[in-house]
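Asker: Residue numbers (our numbering): 1 to 86. The beta carbon of each residue, even a glycine, is placed where N, CA and C say it ideally should be. This is the structure I have questions about; it appears just below.
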């Protein structure tokens, strides 16, 4: 319903691996915790938001219509294969 896919990023991964995952996946919005923002390097065009700073007062809690189709991504998981590249 959000119109986006979830890409989990483990803050314990090396910085270069996280940067690769952010770049390769095409993330445009990164939701994280405030204390992790400085440790994440994101390319230009990636909006970083702290979950703690979100102001949701006044936002409707109405159930959104389901516009998803089977072709829409739900999530992207990076794993290390034999090359060691996620």
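For residue 50, collect the residues of the same chain with a Cβ closer than 7 Å to its Cβ; drop the 5 residues on either side in sequence, then sort them by chain order.
Answerer: To locate residue 50, count along the chain shown from 1; it is residue 50. Within the same chain, residue 50 has close Cβ partners 32, 33, 34, 37.
Asker: Residue 34 by DSSP, collapsed to three states: which one?
Answerer: The residue labelled residue 34 in the question sits at position 34 within the chain shown. Here residue 34 sits in helix by DSSP.
Asker: For the alpha helix (DSSP H) that residue 18 lies in, which residues bound it at each end?
Answerer: Residue mapping note: residue 18 aligns to position 18 of the chain shown, counting from 1. 15–25 is the extent of the alpha helix (DSSP H) around residue 18.
Asker: Under 8 Å: do the region 1–8 and the region 51–68 share three or more Cβ pairs, one atom per stretch?
Answerer: Enough Cβ pairs lie closer than 8 Å, so yes.
Asker: Under 8 Å Cβ to Cβ from residue 8, same chain only, skipping five residues before and after it: list those, please.
Answerer: Walking along the chain shown from the start, residue 8 turns up at place 8. Cβ neighbours of residue 8 beyond the five flanking positions: 75, 77.
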